[in-house]
Amino acid sequence: MQDFFTSIQSWSPILGVVLVVIGFALRLNPLIVVTVAGIAAALLAGIDPITILSTFGTGFTNSRSISVAFIVLPIIGLAERFGLQQQAKRLVSRLATLTAGRLLAIYLFFRQASSALGLTSLGGPAQMVRPVVYPMAEGAVARKHGDYLPERVRERVKGHSAGADTVGLFFGEDCFVAIGSVLLITAFVDSTYGLTLDAIQIAVWAIPTAIAAFLIHGFRLLRLDGVVERDMKAAIAEGWTPEQEEADQRAAEQAALAAARESEARA
């Protein structure tokens, strides 16, 4: 019997993963699923409830700064409410030579350079991509192809806008010595392998990788204009029309407005 309980304890992390997979497959609330899976795995491992609560509290205290990003969301919402996206589109429409691919390549350089200097908070999907970068890239495409674009084109531009931000941050931040990822690498190597590894060594050897990432992804961004051109031709060949897209977007806006009013009425 003792061997049976020992076997269960050794398999407790796997059982926790199984619970997470089942919860996600059933489309339950991710926060509840992960919390329940963590508690269940800890109980099966023989950890007492007080220690579990203490671990949750310590983790929340150590990572409470993550929630600071939510403070800027109301400001971004107000800026969008008063026409930030429309102004971004108007700005890019005046720059005839600035295409979507060139714009995103410039933003990739800015994001990577600022991250290499430790200024990682200057960009981000919520602060920069959604309210500024994506509307400007979409405006550059709309200047050539019209205000109403096929969904595949809008989604492609949206994905490349987010990708430029992510790649720039991911490969740029490691070039700065006082960043969390670099300090984590040095601490892990020192504690696990007993080697003395300075943060400056990680930062220096991250520079060639950052340059390669900029060249590769920058080339992909510059190809975006040609890809959008092919997507437009394919959509037109399939029978897509700007008039149909305009009608679909207006119908979607009316449906969203009706749903919001219904939700307010229920509340």
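Residue numbers are given in our numbering: position 132 of the sequence shown equals residue 185, and the series is strictly consecutive. Every residue gets a Cβ at the ideal spot worked out from N, C-alpha and C, and that includes glycine.
What distance in whole Å lies between the Cβ atoms of alanine 153 and arginine 210, which are believed to be in contact at a cut-off of 8 angstroms? Per the sequence shown, the amino acid found at residue 210 is valine instead of arginine. Their Cβ separation, rounded to whole angstroms, is 6 angstroms, which keeps valine 210 and alanine 153 in contact under 8 angstroms.
Between threonine 239 and chain D, is there a C-beta pair that is closer than 8 angstroms? Although the question refers to chain D, the structure presented lacks it and comprises just one protein chain.
Check whether the region 256-266 touches the region 197-207, taking contact to mean three or more Cβ pairs, one atom from each stretch, closer than 8 angstroms. Per the Cβ contact rule, the region 256-266 is not in contact with the region 197-207 (fewer than 3 Cβ pairs under 8 angstroms).
Please state the DSSP three-state secondary structure of tyrosine 201. DSSP places tyrosine 201 outside both helix and strand once states are collapsed to three, so it counts as coil.
What is the rounded straight-line gap between the Cα of arginine 276 and the Cα of isoleucine 264? Near 18 angstroms, if we compare the C-alpha coordinates of isoleucine 264 and arginine 276.
Would you call the CB atoms of alanine 132 and leucine 157 closer than 8 angstroms? Contact flag unset, no.
Where does phenylalanine 77 land, buried or exposed, given buried means 16+ other C-beta within 10 angstroms? Looking at its Cβ environment, which holds fewer than 16 other Cβ atoms inside 10 Å, phenylalanine 77 is exposed.
Compute the beta-carbon to beta-carbon distance between valine 220 and alanine 266, rounded to the nearest angstrom, for a pair I have assumed lies under 8 angstroms. That belief holds up - the Cβ atoms of valine 220 and alanine 266 are roughly 6 angstroms apart, short of 8 angstroms.
Is the beta carbon of aspartate 227 closer than 8 angstroms to that of valine 235? With respect to the 8 angstroms criterion, valine 235 and aspartate 227 are classified as neighbours on the basis of their beta carbons.
Thinking C-beta only, is glutamine 138 closer than 8 angstroms to proline 188? The answer is yes: Cβ separation under 8 angstroms.
Is leucine 222 near the ligand FMN, in the sense that its beta carbon is under 7 angstroms from a heavy atom of that ligand? Looking for the ligand FMN in the displayed structure turns up nothing, as the structure carries no ligands at all.
Note down the Cα distance separating leucine 84 from isoleucine 238, rounded to an integer number of angstroms. For leucine 84 and isoleucine 238, the distance between alpha carbons rounds to 28 angstroms.
Does alanine 231 come out as helix, strand or coil in the three-state DSSP assignment? In the three-state scheme derived from DSSP, where H, G and I count as helix and E and B as strand, alanine 231 is classed as coil.
Does the beta-carbon of proline 184 have 16 or more other beta-carbons within 10 angstroms, so that it is buried, or is it exposed? Answer is buried; the Cβ neighbour count reaches 16.
What residues in its chain sit with their C-beta under 7 angstroms from that of glutamine 165, if we drop five residues either side in the sequence? Cβ within range, chain order: Gly221, Phe224, Gly225, Ala263, Phe267.
Roughly how many whole angstroms lie between the Cα atoms of valine 182 and glutamine 302? The alpha-carbon atoms of valine 182 and glutamine 302 are separated by roughly 22 angstroms.
Using a threshold of 8 angstroms, state whether the C-beta atoms of valine 87 and valine 74 are closer than that. Not in contact: valine 87 and valine 74 (Cβ atoms no closer than 8 angstroms).
DSSP state of arginine 276, grouped into three classes? In this structure, arginine 276 counts as coil in the three-state DSSP scheme.
Is DSSP giving arginine 147 helix, strand or coil here? Arginine 147: coil per DSSP, three-state reduction.
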